[in-house]
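Going down the list, the sequences are from chains A and B.
Using this note's numbering, the first residue of the first sequence is number 4, and each one after it goes up by one.
Using this note's numbering, the first residue of the second sequence is number 4, and each one after it goes up by one.
Step one of this worksheet: look at the structure below.
Protein chains: 2
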Amino acid sequence: MKTITVNKNVLSKNDEIAARNKSSLSGRGIRMFNLLGSPGSGKTTLLESALAHESVDKSKIAVIEGDLFTDFDAKRMDEIGIRTIQLNTEGACHLEADMVERGIDELDLEGIETLIVDNIGNLVCTASFSLGEHYRIAVTSVTEGNDKPLKYPKLFKTADYVVINKIDLLPFTNFDVDRFTADVHSLNPNAKVFTCSAFKGEGMEAIADLFMNH
Amino acid sequence: MKTITVNKNVLSKNDEIAARNKSSLSGRGIRMFNLLGSPGSGKTTLLESALAHESVDKSKIAVIEGDLFTDFDAKRMDEIGIRTIQLNTEGACHLEADMVERGIDELDLEGIETLIVDNIGNLVCTASFSLGEHYRIAVTSVTEGNDKPLKYPKLFKTADYVVINKIDLLPFTNFDVDRFTADVHSLNPNAKVFTCSAFKGEGMEAIADLFMNH
Numbered sequence: 004m005k006t007i008t009v010n011k012n013v014l015s016k017n018d019e020i021a022a023r024n025k026s027s028l029s030g031r032g033i034r035m036f037n038l039l040g041s042p043g044s045g046k047t048t049l050l051e052s053a054l055a056h057e058s059v060d061k062s063k064i065a066v067i068e069g070d071l072f073t074d075f076d077a078k079r080m081d082e083i084g085i086r087t088i089q090l091n092t093e094g095a096c097h098l099e100a101d102m103v104e105r106g107i108d109e110l111d112l113e114g115i116e117t118l119i120v121d122n123i124g125n126l127v128c129t130a131s132f133s134l135g136e137h138y139r140i141a142v143t144s145v146t147e148g149n150d151k152p153l154k155y156p157k158l159f160k161t162a163d164y165v166v167i168n169k170i171d172l173l174p175f176t177n178f179d180v181d182r183f184t185a186d187v188h189s190l191n192p193n194a195k196v197f198t199c200s201a202f203k204g205e206g207m208e209a210i211a212d213l214f215m216n217h
Numbered sequence: 004m005k006t007i008t009v010n011k012n013v014l015s016k017n018d019e020i021a022a023r024n025k026s027s028l029s030g031r032g033i034r035m036f037n038l039l040g041s042p043g044s045g046k047t048t049l050l051e052s053a054l055a056h057e058s059v060d061k062s063k064i065a066v067i068e069g070d071l072f073t074d075f076d077a078k079r080m081d082e083i084g085i086r087t088i089q090l091n092t093e094g095a096c097h098l099e100a101d102m103v104e105r106g107i108d109e110l111d112l113e114g115i116e117t118l119i120v121d122n123i124g125n126l127v128c129t130a131s132f133s134l135g136e137h138y139r140i141a142v143t144s145v146t147e148g149n150d151k152p153l154k155y156p157k158l159f160k161t162a163d164y165v166v167i168n169k170i171d172l173l174p175f176t177n178f179d180v181d182r183f184t185a186d187v188h189s190l191n192p193n194a195k196v197f198t199c200s201a202f203k204g205e206g207m208e209a210i211a212d213l214f215m216n217h
């Protein structure tokens, strides 16, 4: 009887390509961020708002947009003058390292120091696939509720940074920033937690600084 | 050379079990609803709020809670006096028909007329797996933004009902109910769209009616 462990093969092939992406980008002095979160957590708005900050040199930043369908998000990056490429998975629920490798090949990375991947909106599947990022950012919003770290631990365990977005809506919800932060730290004591409102432009300096001075 | 189409086999086996679930429930006069949406769209709060409505006879309703980890949601159903069971997928990103079949076997369905499955928070993967439901409800919230139907079309194409939740937060967002509804109907002209705030208890009568009088 032969047993084929499909998932392990998929993941180890992915990890191989991810390592290649990371090493190739490192060699060119580029740091890659992988931005993950629920659909509607505000990942693309966070990029729009942070990259518009006066401290950001847009010529040094490129963005890979991941979506199942549409090029809405790449157009949003294009409109603010950020070099960008849209990856469409046509139904697949997460980006994998080989897709990002194709994006890297297609992008003009001359002069780029920061490459940001705006992953597909998904709290589960995206967290299992390294893209070769140097830093992983989990984006969540106060309207999603307090229970997310413990219900979706993999993302929060593997994130270097956790951004709590839509803080302007805090007074209208039952979200508890301290409890959420404590739950994140119970899973991942080293995760650095930011709060912000990308929509209102609040707390953007720290996020801009993260992208510019890593 | 042999080609194994894994995904097709998985889906057709799932469809077989889904058909068995549906026919077994139909034979007992039970209608099953499959509740899908992003993490934090408010699926469980919608159930808490709708099932607390005075028009609801709680003895006729049971809930299957799906989560990767934790039994937070089943406890919430238990607290409001709803017969419930928690399914934990331990990391898997969606429920499949065989998991729900096990839930049905474990639940006491005597006197039950409505069985609601509160699926895992995921706009992508959950939409591909029928559980044998008679009706599919997509739950979305105004804080998730307008672009979701076109970016995640599969769920909106296959939903019988679409619930736009957190309508109390509408004044603080750039969400456009008419545009969202038009996008849903461009994908799925027959979907019936509701607006509500489960958190504030607004618009709950129509949702309660949906669960009681299908």
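Backbone N, C-alpha and C fix where the C-beta goes; we use that ideal spot for every residue, glycine too.
Partners in chain A for residue i, counting only beta-carbon separations shorter than 7 Å
i	result
P42/B	S41, L126, E147, K151 and Y155
L90/B	Correct list: empty, because the minimum Cβ distance to chain A is about 13 Å.
CB of residue i within 8 Å of CB of residue j, strictly
i	j	result
V166/B	L134/B	no
H56/A	A211/A	yes
N168/B	L49/B	yes
F175/A	N149/A	no
F202/A	D181/A	no
L126/B	Y155/B	yes
V142/A	G206/A	no
Nearest-angstrom Cα separation, counted from residue j out to residue i
i	j	result
K157/B	V187/B	11 Å
E82/B	F214/B	19 Å
E109/B	V66/B	12 Å
T146/A	C96/B	21 Å
I88/A	K61/A	15 Å
F75/B	T47/B	10 Å
F183/A	S41/B	18 Å
I20/A	H137/A	14 Å
L54/B	K151/B	27 Å
V13/A	I140/A	23 Å
G204/A	S200/B	26 Å
N24/B	C128/A	27 Å
R34/B	S26/A	54 Å
S52/A	S144/A	15 Å
L28/A	L39/A	20 Å
S15/A	A22/A	10 Å
K160/B	A77/B	29 Å
T198/B	V59/A	40 Å
V30/B	G94/A	Note that residue 30/B is Gly in the sequence shown here, rather than Val. Straight-line Cα distance between these residues: approximately 35 Å.
G43/A	L153/B	13 Å
A209/A	G84/A	21 Å
D121/A	L90/A	10 Å
S189/A	V196/B	40 Å
Chain A contact residues for residue i, given Cβ-Cβ distances below 9 Å
i	result
C199/B	Chain A residues near C199/B: none, gap ~15 Å exceeds 9 Å.
L49/B	Under the 9 Å cutoff, chain A gives no residues; its nearest Cβ is about 12 Å from L49/B.
Nearest-angstrom Cβ-Cβ length linking residue i and residue j, presumed shorter than 8 Å
i	j	result
L98/B	F132/B	7 Å
F36/A	I119/A	5 Å
A130/B	D163/B	With 8 Å as the limit, A130/B and D163/B do not qualify as a contact, their Cβ atoms being about 13 Å apart.
A100/A	N17/A	5 Å
L116/A	K63/A	According to the sequence shown, residue 116/A is Glu rather than Leu. Correct: roughly 4 Å between the Cβ atoms.
G69/A	T92/A	7 Å
R86/B	D111/B	7 Å
Neighbour flag for residue i against chain B, beta carbons, 8 Å
i	result
K169/A	yes
F72/A	yes
G206/A	no
G94/A	yes
L213/A	no
M4/A	Below a pLDDT of 50, predicted positions are generally treated as unreliable, and M4/A, at 41, falls in that range; the measurement from the model is reported next regardless. So no, M4/A is outside the interface.
L3/A	With chain A covering only 4 through 217, there is no way to say anything about residue 3/A.
L172/A	yes
Within-8 Å CB hit, residue i to chain A
i	result
L134/B	no
G69/B	no
F175/B	yes
M102/B	no
T8/B	Legend: pLDDT at T8/B = 48, less than 50; position of this residue unreliable, value from coordinates given subsequently. No, T8/B lies away from the interface with chain A (no Cβ there is under 8 Å from its Cβ).
Beta-carbon neighbours of residue i, restricted to chain B and to distances below 7 Å
i	result
H144/A	The question names His, yet the displayed sequence has Ser at residue 144/A. The contacting residues are T146.
T117/A	Those do not exist, as T117/A stays about 25 Å from chain B at its closest Cβ, beyond 7 Å.
Partner residues on chain A for residue i, Cβ-Cβ distance less than 8 Å
i	result
F75/B	D150, L153 and K154
F183/B	Simply none; closest approach about 12 Å.
Residue i beta carbon near the ligand MG (any heavy atom closer than 7 Å)
i	result
A185/B	What this structure holds is no ligand at all, so the ligand MG is not there to describe.
Proximal chain B residues relative to residue i, where beta-carbon distance stays under 9 Å
i	result
L38/A	Neighbours of L38/A on chain B: none; closest Cβ ~15 Å, over 9 Å.
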